[in-house]
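Step one of this worksheet: look at the structure below.
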Amino acid sequence: MKLTRRTLLVGSGAAAGLIVAWAAWPRGERASLLAGKDQSALGPAILIGRDGRVTIAVPQVETGQGISTALAQIAADELGAAWESVAVAPARSGSAWDNSLAEVEGWIAGARPWPFASEAGVTRITAGATSVRAYAQPMRQVAAVARLLLCAEAADRWGVSAAECDTSGGFVRHEGKSLPFAALGEGAAVRSLPGGDIPLREAVGDLVGKPLARLDALPKAEGRLRFAGDVRLPDLLHASVRRAGRGTIALKSGPPQGVRFETGDGWVAAISDDWWSAERALAAAKVTTLGPAGGNDLAIAAALDEALAGDDFEVLHSVGDVDQAFEGARPLAATYTAAAQLHADIEPPSATARLQGGLLEIWAATQAPVLARRAGAEAAGHALGKTILYPMPVGGQGGAALEADMVSIAATLVRRTGRPVQATASRTEQVRSDAVRAPLKARMFARPLPDGSIAGWRMRVAGGDGTAEAMARLFGTSGQGPRQAALMPLPYGIPDVALEFAPAALPIRLGYHRGELHPALTFFTESFLDELARLGGRDPLSQRMALLSGNPRLARCLVRATALGGWDGGGAGSVMGLSAFSGYGSHIAVVAQAQLGQGGMVEVSRLVAAVDCGRVINPALLKAEVEGGMLSAIAQATARAPSFRHGRVLEPIEPQIPTLARAPEVLVEILASDAAPGGASGLGPAAAPAAVGNALSAATGRRLRSLPLDPKS
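So for the sequence shown, numbering that gives the first Met the number 0 puts the first residue at 0; every next one is plus one.
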């Protein structure tokens, strides 16, 4: 089936069709998708076309992780559709699409009564490796309703019981008879929806678990899939934007002829008929920023030290009594740090807005479309009910698209100019005003015992929780302390544990990042555990296995990863390192081979991972996600740390993702599991840096306790 931009992004397609909606959605509710003749859009839905096309509404945003394919695969499997007939469209807002893990993950913790509580879909957020975990069941429910209606329609035509009918390959079938969905959709759509619960299939169909091709692969390869910066409208103005981050911003001179300057809360924009003229005008105007006093590297380091040494901390996870475990003994200690980390998204921030005929339309790459829509309406001073946001695919999985500031800027400029405006920040500006992953500093304490067990473990971390700050900006609430989910419980069986978080007064803007704080925190934990093993003369694998009796899934990952990686014990002179991580309902173990090359640069030659993500929807997507996550994390972990002045990044840093010729060998094996599906996007970033750090320690005999890994420091 040939997928066009319209079928992928809007879902109405070339063929007339009918929406089959879930019973929980009122048929009179206004649709947010533009519908053509003989079409209707009524919520989480499946479009049955008269040509046999099945368009599935997907609530989560495509950031390159393949979620539009995975969720469609779940629904198509429950429906019994033929995969070659499936297309996807963004789902409209509504209660069925609220992210059920939003409160569990602490995104809105501390914000009650939080804004917009009565509005449906406000937590429709793509973040935290929650998409499959939160939406697999709703997708199945949507499809089950459509399947039931199709079976009921076919059963009436055959004069049989609907309970005796089933679907597969795009047909309803009964004892050798079959009817295609295309012939049944029109009649099924007007049938009465049944009351009560909708039964789901007892077993998966023909699609779940298969490495099916991504629905967006061909349009991306051919350049037909449009991103936010590709939007073009009649009479469109282009705006280049500068943002202040945590400070204030000002212009030193006025605009040249043909360019208009506008300012707002923490931003300035140059507007012209083309973006390059606007960008050159801003560069000539010498935009200056004044950040918080001392918003530089020294101030950041001082804030971390002060927080770590103080008494203002919160125990986020506790087991047993660490103080008692340490009593009468001097625990081993080490200090670890992780610098701020930049987003590595390849798409510059961009949003387009148009106000026409009383309707405000916004095109934006956003991971929180409902909240971004509200931000745009408020910035334009426009009624929310007369505002539509079209969520575009996101050009990068780093997490930068969780912010809504570009939407607000575009909407403000539309109100002021009266013309459609596309607001875009340059790549340099994107980096300099980035909402970074929080810098962290940790003090580690442990009491190892001669038998390889550990009697007590304390980790006190100073820093900030960028996810919490990003969510506070989205919800319009005051900043909140670290979420409990910011620190995962240790995966190891240590009887006395205290994981503590000391908020630091950091003079920089923090934001959500893929993997959240776990790449840094896992680096601390796995590196320190490696230190303990080597001090005790133990194999790092044996050390971990001795502590994993209560976590057999992670133990299985370790056994498999070391077998695949040819683990040599990681002793002195080895170039191998181990790490393991449990989080998001999943588990991963990584074996890395790394050493110092020419000029003392870190060279990673091999990455081997074993992953247990529970029941896997699409193994090809999962492997690609873990592979890409590890490569991206290694690039970040070996790049220079950013420096700051006035709360902004002083100099753009571009982590170098290796080309195919220079990339390490990567091997990912997915372990079969009957557990519930887990999250995947944060696994590679969390586990890979620690494995490389441990490999370098074995190869050089020197422990690197800071991220990025800098052997010259």
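Quick reminder that beta carbons are idealized off the backbone N, C-alpha and C, glycines included.
A quick note: this is a predicted structure, and the numbers were derived from the prediction, not measured.
Identify the residues that DSSP records as bridge partners of residue i: which are they?
i, result
"residue 56", "88"
"residue 335", "441"
"residue 389", "362"
"residue 669", "610"
"residue 173", "176"
"residue 349", "423"
"residue 323", "Residue 323 is not bridged to any residue."
"residue 447", "453"
"residue 248", "288"
"residue 461", "440 and 501"
Taking DSSP as the reference, what is the three-state secondary structure of residue i?
i, result
"residue 221", "coil"
"residue 138", "helix"
"residue 714", "Given a span of 0 to 712 for the chain in the structure shown, any question on residue 714 remains unanswerable."
"residue 663", "coil"
"residue 226", "coil"
"residue 342", "coil"
"residue 313", "strand"
"residue 407", "helix"
"residue 133", "helix"
"residue 72", "helix"
"residue 235", "coil"
"residue 734", "It is not possible to answer for residue 734, since the shown part of the chain is limited to 0 through 712."
"residue 262", "strand"
"residue 67", "helix"
"residue 355", "strand"
"residue 182", "helix"
"residue 62", "coil"
"residue 122", "coil"
Quick check: what's the CA-CA separation for residue i versus residue j?
i, j, result
"residue 587", "residue 662", "21 Å"
"residue 317", "residue 571", "35 Å"
"residue 698", "residue 710", "12 Å"
"residue 213", "residue 681", "20 Å"
"residue 534", "residue 58", "50 Å"
"residue 45", "residue 575", "49 Å"
"residue 577", "residue 591", "7 Å"
"residue 177", "residue 170", "6 Å"
"residue 670", "residue 584", "14 Å"
"residue 504", "residue 665", "39 Å"
"residue 615", "residue 76", "13 Å"
"residue 221", "residue 272", "28 Å"
"residue 658", "residue 79", "40 Å"
"residue 696", "residue 706", "14 Å"
"residue 605", "residue 628", "14 Å"
"residue 694", "residue 603", "9 Å"
"residue 485", "residue 516", "6 Å"
"residue 480", "residue 464", "7 Å"
"residue 41", "residue 211", "Note that residue 41 scores a pLDDT of 25, beneath 50, so its modelled location is shaky; the value from the coordinates is reported in the next line. Computed Cα separation, rounded: 28 Å."
"residue 558", "residue 228", "46 Å"
"residue 28", "residue 400", "Residue confidence is low: residue 28 scores 38 on pLDDT, short of 50, so the model does not pin down where it sits. No coordinate-derived value is stated."
"residue 595", "residue 128", "33 Å"
"residue 133", "residue 105", "14 Å"
"residue 100", "residue 459", "26 Å"
"residue 436", "residue 81", "42 Å"
"residue 369", "residue 601", "43 Å"
"residue 217", "residue 679", "23 Å"
Which residue's Cα is closest to the Cα of residue i: the options?
i, options, result
"residue 298", "78, 507, 359 and 454", "507"
"residue 490", "52, 545, 513 and 536", "545"
"residue 90", "334, 183, 105 and 367", "367"
"residue 648", "672, 625, 430 and 348", "430"
"residue 438", "510, 446, 407 and 377", "510"
"residue 242", "452, 705, 408 and 49", "408"
"residue 746", "704, 230 and 708", "Only positions 0 to 712 of the chain appear in this structure, which leaves residue 746 out of reach."
"residue 48", "67, 69 and 85", "85"
"residue 424", "323, 71, 268 and 686", "268"
"residue 411", "440, 442, 262 and 488", "262"
"residue 441", "300, 392, 551 and 345", "300"
"residue 631", "102, 341 and 140", "341"
"residue 130", "618, 351, 66 and 435", "66"
"residue 386", "402, 362 and 196", "362"
"residue 713", "338, 126 and 561", "Nothing can be reported for residue 713, as the shown portion of the chain is limited to 0 through 712."
Q: Could you pull out every unbroken beta strand (DSSP E) segment of at least 3 residues lying fully inside the stretch 471 to 504, listed in chain order?
A: 495 to 502
Q | Uninterrupted alpha helix (DSSP H) stretches inside the stretch 559 to 646 (no shorter than 4 residues) | A | 618 to 636
Q: Please specify which runs of the alpha helix (DSSP H), each continuous and at least 4 residues long, are wholly inside the stretch 266 to 299, giving them in chain order.
A: 274 to 284
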